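If you're matching them up, the sequences are chains A and B in order. For the first sequence, this note's numbering gives the first residue as 7, with consecutive numbering after it. For the second sequence, this note's numbering gives the first residue as 3, with consecutive numbering after it. Positions of the beta carbon are idealized from the N, C-alpha and C atoms, including for glycine. The structure presented is a predicted model; accordingly, all values stated were derived computationally and were not measured. Following: one structure in structure tokens, then a few remarks.
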Amino acid sequence: MSKPMLGLSLGAALGFIDGASAYAYPYPDVRAQIIAIVIGSTFKGLVTGVLAGYFAVKLRSLPLGISFGLIVGLVLSWLVALGNHYYVEIMLPGSLLGAIVGFATQRFGRPGTQVAR
Amino acid sequence: MSALNDDLLEHLRTVADLPDLTGTRYQVLGKLDRGGMGTVYLVKDTGLGREVALKVLSAPDPSGDLAARLAAEARHLARLEHPNIVPVHDVGRLPDGRVYYTMKLVRGRRLDTWRDEATGRPALLRLFQKICGAVAYAHAQGVIHRDLKPENIMVGSFGEALVMDWGVAKAIDEPRPAAPRDDAPGRTASIDLEAADTQGRRVTAQGTLIGTPAYMSPEQARGEIDRLDARTDVHALGAILYFLLVGRPPFDGETPRLVLEKVRHGTPTPPRKIDPSIPRTLEAICGKAMAPDPSDRYESAHEMSDDVERFLDGLPVMAHPESLLERTWRVMDRNRTLVWLVAAYIVTRMIVLGLTGR
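Structural data, given as structure tokens:
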């Protein structure tokens, strides 16, 4: 599996789990919108994963890969949190998931498509 | 006056001890080392203007066996072109008829003294792999060393390992001579074992035993010359790994005879009993290489090196079937950063959940 594809799959899966875990929060409005939250979180994870995957193809560095994933996760989570003001609840886990995807794309996955000439 | 005479005598003794290199292109500069069979001198190759090491037979050799052995050593080295095997340059005879050969002058330290300065276990293991590489290459060329030990391995100033002293090496395809020789199976060991050094000196000069007691395989210790093959060297590699891990040879004793008895019948003290910080997998690699039965050992030095590589990469090794718990621990240890990140995520989630739940 290529690194962008790995990032996409893992990011989407972790985003889905992260979104679903929001159901545990004691906020009635969050529970009412849980489907939208899960879809949004999955999409956020997917975008983070693809970006982290392409970053891993371009640059092989575990610390930089983790940092890149963390920053992308943080920025996208911040954009999501702007609408509902649950900054801590969304940005902290979101950035950590970005870091995990950043790690995974650096450590695993095929570096790039080999083209035979 | 007396001191002057002593100095003069010492000088004369030293000069008399140096070989006569008349008629060769070498000029003797000093003595480097003396082994059981020959002496190594520092000489200058006047033709090429470089310093090389010259090994010449120094032990009494009325039968000519040792001269034949030295010549064989030169031939073995000549066919082993490998970065971790000291290359031979030239072979010939001195005016007094003794066989000599010249080889690359290795500037460095012996493995047994270098070990104490090595920075960490991975560095030791990486160097060990280079030794395995050289031995595996020799085996591929049909040559077995039969006397591998830390004293026969030099570590150069750039961390390169050089396997030396192929004096008792044997070509696997080499026909056995008809005349009796010192490694003939039927011949009784006549060396004074009690007088020999247990670690530093070979018991090869006149007996059925080939190798150095502390690093010998059980079949070597029993004098079963016909059974010696690549797995004999694998056993010695296991003993070298043992030394690198714990800092002492796997077998020791007051006298060579006692050491040989231990080699024949005993198993060495497990490395983890000496140093509990040694990982079980490394101990298992050591144990597999030094298995009493050759068929239980690694088939080749290459196979052993691969297992060490797997250990260094955090992968399962063939010498140690791991339990589920060990496997989980290894995988977690290999992916420590990921474990920390996942743990951080879970803890963060729980803290946030705890704070918002109040």
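query: Measuring alpha carbon to alpha carbon, tell me which residue in B:322, B:332, B:302 and B:307 is nearest residue 316 of chain B.; result: B:332
query: Three-state secondary structure (DSSP) at residue 293 of chain B?; result: coil
query: Would you call the region 44–58 of chain B and the region 94–103 of chain B in contact, with 3 or more CB pairs under 8 Å?; result: yes
query: Span of the beta strand (DSSP E) holding residue 155 of chain B?; result: 155–158
query: Keeping to the same chain, check which residues put their C-beta closer than 7 Å to that of residue 202 of chain B; ignore five residues upstream and five downstream.; result: Confidence in residue 202 of chain B is poor, its pLDDT being 42 and thus under 50, which makes the residue's placement unreliable; the coordinate value appears in the next sentence. Cβ neighbours of residue 202 of chain B beyond the five flanking positions: 153.
query: For residue 8 of chain A, name the three-state secondary structure that DSSP assigns.; result: strand
query: Please classify residue 366 of chain B as buried or exposed, where buried requires at least 16 other C-beta atoms within 10 Å of its C-beta.; result: Nothing about residue 366 of chain B can be reported from this structure: the residues present for chain B run from 3 to 360 only.
query: Can you tell me the Cβ-Cβ gap for residue 109 of chain A and residue 340 of chain B, rounded? I've got them flagged as a contact below 8 Å.; result: 5 Å
query: Of the choices B:141, B:236, B:37 and B:19, whose alpha-carbon is the least far from that of residue 30 of chain B?; result: B:19
query: Under 7 Å Cβ-Cβ, which residues of chain A neighbour residue 350 of chain B?; result: 98, 99 and 102
query: Residue 157 of chain B: which of B:261, B:168, B:88 and B:297 sits nearest, CA to CA?; result: B:88
query: Check for me: the beta strand (DSSP E) holding residue 105 of chain B runs from which residue to which?; result: 101–106
query: Taking only beta-carbon atoms, is residue 333 of chain B less than 9 Å away from chain A?; result: no
query: Identify each residue in the region 17–47 of chain A for which the Cβ-Cβ distance to at least one residue of chain B is less than 8 Å, and report them in chain order.; result: 27, 30, 31, 32 and 33
query: What did DSSP end up calling residue 224 of chain B once you bin it into helix, strand or coil?; result: coil
query: Which residue marks the beginning of the alpha helix (DSSP H) containing residue 46 of chain A, and which one marks its end?; result: 40–64
query: State the beta-bridge partners of residue 40 of chain B as determined by DSSP.; result: B:59
query: So residue 84 of chain B and residue 232 of chain B are supposed to be a Cβ contact under 8 Å. How far apart are they, rounded?; result: The pair is not a contact, with the Cβ atoms about 16 Å apart (cut-off 8 Å).
query: Label residue 321 of chain B either buried or exposed according to how many other C-beta atoms from any shown protein chain fall within 10 Å of its C-beta, with 16 as the threshold for buried.; result: buried
query: Taking Cβ to Cβ, would you say residue 50 of chain A is nearer than 9 Å to residue 71 of chain A?; result: no
query: Comparing the C-beta of residue 105 of chain A with each C-beta of chain D, is any distance below 9 Å?; result: Absent from the structure: chain D. Protein chains present are A and B.
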